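**Student:** What follows is a structure written as structure tokens; I'll ask about it next.
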DNA sequence: TAATTCAACGCAAGTAATTGCAATTAATTC
DNA sequence: GAATTAATTGCAATTACTTGCGTTGAATTA
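Protein chains in written order, with the numbering used here: chain A, 1 to 135; chain B, 1001 to 1135.
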């Protein structure tokens, strides 16, 4: 999604907003705090609240998506990079990715009979990865 | 799991701890704040930090389990009541439940080939329920 | 049942996340 | 390109959650 669509949606493209979007695209799976640190390398004074509000705005406008990979806060992706389901290992914390096609299949298999439309990008699937099982 | 097993595990069964456990069992899907409010009906002065620490202790001891049903904090269940996967509707917020047998089947179907052992009780499956789709 | 011990408590301080508001500034209009 | 307007910003305050510490009291032992 090109950046000039930001303006096309009635949003202003401020330096802060551009930097937040760049950071999300660059980092992937990034928390608001990590994004703020990255942004501050280019724009020292940016406030954390500005980062939070830009993340919210950019998500509402469809540029980015958040996912819960664990306990605390959300992590952010560029919207067009979400083509997978996240597999979080509760032991080592590694985040593996499963192709969306597969994920959709398995979720639909069980859930569609209830009419529940699953957003497979929103939550992680939690468990223990193969490596940690043999430890 | 009977309460006298608390003592059997080297933990003390304080009035606060008993009330926290009772509240989790009674409420289901309850946040720490909701649990604190319920406990305070019986024991007015209980501190929120006591509730948090008891939830952690009771979870470590295996009496309760936490699940992330959405953005903020965790919600707690009695451990022996977890026989389902949570289906959270992002629109109306309703939490539906899917039998664990079904859920295990569908997760294993796709994920076992990667050797990933899924804890289907830890995260919710997020999406839009049938009722909200027709709105 | 009195003494002992240390798990658990309440309080207060600390950290993390969010929100209200006045000042600023991007984009538009003249 | 100056004036206008309202979206956006930074700051400060608030809310949410967590942690450190001295005190209390549940369970054990004599």
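Where a beta carbon is used, it is the ideal one built from N, C-alpha and C, also for glycine. On a predicted model such as this, the values are computed, not experimentally measured, just so you know.
Looking only at its own chain, which residues have a Cβ that is under 7 Å from the Cβ of residue 90(A), when we skip the five neighbours before and after it?
**Tutor:** Indexing the first chain from 1 puts residue 90(A) at position 90. Closer than 7 Å at the Cβ level, and outside the excluded window around residue 90(A), lie 126, 127, 128.
**Student:** Give the DSSP-derived three-state secondary structure of residue 92(A) in the structure shown.
**Tutor:** The count along the first chain starts at 1 and reaches residue 92(A) at position 92. Looking at residue 92(A) - three-state DSSP - the assignment turns out to be coil, as it is neither helix nor strand.
**Student:** Suppose you measure from the CA of residue 1048(B) to the CA of residue 1072(B); what does that come to, to the nearest Å?
**Tutor:** Position 48 of the second chain, counted from the start, is the residue given in the question as residue 1048(B). Position 72 of the second chain, counted from the start, is the residue given in the question as residue 1072(B). Approximately 17 Å between the Cα atoms of the pair.
**Student:** Taking residue 1065(B) as part of the alpha helix (DSSP H), name the residues at either end of that continuous run.
**Tutor:** Taking the first residue of the second chain as position 1, residue 1065(B) is located at position 65. Looking at the DSSP string, residue 1065(B) is not in any alpha helix (DSSP H); the run it does join, the beta strand (DSSP E), is 1064-1067.
**Student:** Short check: CB of residue 1052(B) to CB of residue 1066(B), under 8 Å?
**Tutor:** To locate residue 1052(B), count along the second chain from 1; it is residue 52. To locate residue 1066(B), count along the second chain from 1; it is residue 66. Not closer than 8 Å, so no.
**Student:** Helix, strand or coil, according to DSSP, for residue 118(A) in the structure here?
**Tutor:** Here residue 118(A) is taken as the residue at index 118 of the first chain, counted from 1. Reduced to three states, the DSSP call for residue 118(A) is strand.
**Student:** Any Cβ of chain A within less than 8 Å of the Cβ of residue 1133(B)?
**Tutor:** One-based indexing of the second chain puts residue 1133(B) at position 133. Yes - at least one Cβ of chain A is within 8 Å of the one on residue 1133(B).
**Student:** Using DSSP's beta-bridge definition, name the partner residues of residue 85(A).
**Tutor:** In the first chain, the residue the question calls residue 85(A) occupies position 85. Beta-bridge pairing links residue 85(A) to 98(A).
**Student:** Return the bridge partner residues of residue 1077(B) from the DSSP annotation.
**Tutor:** The sequence position of residue 1077(B) within the second chain is 77, counting from 1. Per DSSP, 1065(B).
**Student:** Tell me the residue span of the beta strand (DSSP E) that contains residue 128(A).
**Tutor:** As a first step, residue 128(A) must be located in the first chain, where it is residue number 128. That run of the beta strand (DSSP E) goes 125-128.
**Student:** Going along chain B in order, which residues have a C-beta closer than 7 Å to the C-beta of residue 127(A)?
**Tutor:** The residue given as residue 127(A) occupies position 127 in the first chain. Neighbours of residue 127(A) on chain B, chain order: 1116, 1117, 1118, 1119.
**Student:** How many angstroms separate the CA atom of residue 29(A) from the CA atom of residue 1059(B)?
**Tutor:** Stepping through the first chain from its first residue, residue 29(A) is reached at position 29. Stepping through the second chain from its first residue, residue 1059(B) is reached at position 59. Going by the C-alpha atoms only, they are around 28 Å apart.
**Student:** Whose C-alpha, out of 1130(B), 1061(B), 1016(B), is nearest the C-alpha of residue 1095(B)?
**Tutor:** Residue numbering aside, residue 1095(B) sits at position 95 when the second chain is read from its first letter. Residue 1130(B) is the option with its Cα nearest to residue 1095(B).
**Student:** Should residue 1093(B) be flagged as near chain A, meaning a C-beta pair shorter than 8 Å?
**Tutor:** Against the second chain, residue 1093(B) aligns to sequence position 93. No, its Cβ sits nowhere closer than 8 Å to a Cβ of chain A.
**Student:** Take residue 79(A) as the anchor and find which of 56(A), 46(A), 70(A) has the nearest alpha-carbon.
**Tutor:** For this step, residue 79(A) is matched to residue 79 along the first chain. Checking every option, the nearest Cα to that of residue 79(A) belongs to 56(A).
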